[in-house]
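Input: a single structure, listed below in structure tokens.
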Amino acid sequence: MDDYTSSLRAQRIAGIPADHWIVFFKRHAEAKDPDKMLASLERDLRQRGVNEDVPADFAEVISRIVEWFR
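This is the structure we're talking about:
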């Protein structure tokens, strides 16, 4: 079952691994301030060694998604 779950979490949804979407939605549910949530996500991306350009692009996409939920 663990292998199955891991394979599902690795699948990409809109080009983003499902596991990252899970983290995003958990943080969105827990954080009321979108700016704090975005800062936390950017920090995690940098800790994972993601290219510096990606967080900037990611920030734009996340900002759009957060606007949809308002």
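Take the sequence shown: its letters are residues 976 to 1045, numbered as in this note's numbering.
Note that CB positions come from ideal geometry on N, CA and C, so glycine has one too.
Please read all numbers here as calculations on a predicted model, not as lab measurements.
Limits of the alpha helix (DSSP H) - the one that residue i falls within
i     : result
M1012 : P1009 to Q1022
A1004 : A993 to E1005
A985  : D977 to A985
Sequence-distant residues of its chain with Cβ nearer than 8 angstroms to residue i (five each side left out)
i     : result
A985  : P992, A993 and D994
R1006 : First, the residue type needs correcting, since residue 1006 is Ala and not Arg in the sequence shown. Within the same chain, A1006 has close Cβ partners M1012 and S1015.
Beta-carbon proximity list for residue i, same chain, < 6 angstroms, skipping 5 on both sides
i     : result
P1009 : V1041
I1037 : L1013
CB-CB length for residue i against residue j, believed under 8 angstroms
i     : j     : result
M1012 : R1002 : 5 angstroms
Residues of its chain near residue i, where Cβ-Cβ distance is below 7 angstroms and the 5 sequence neighbours each way are ignored
i     : result
R1039 : none
L983  : A993
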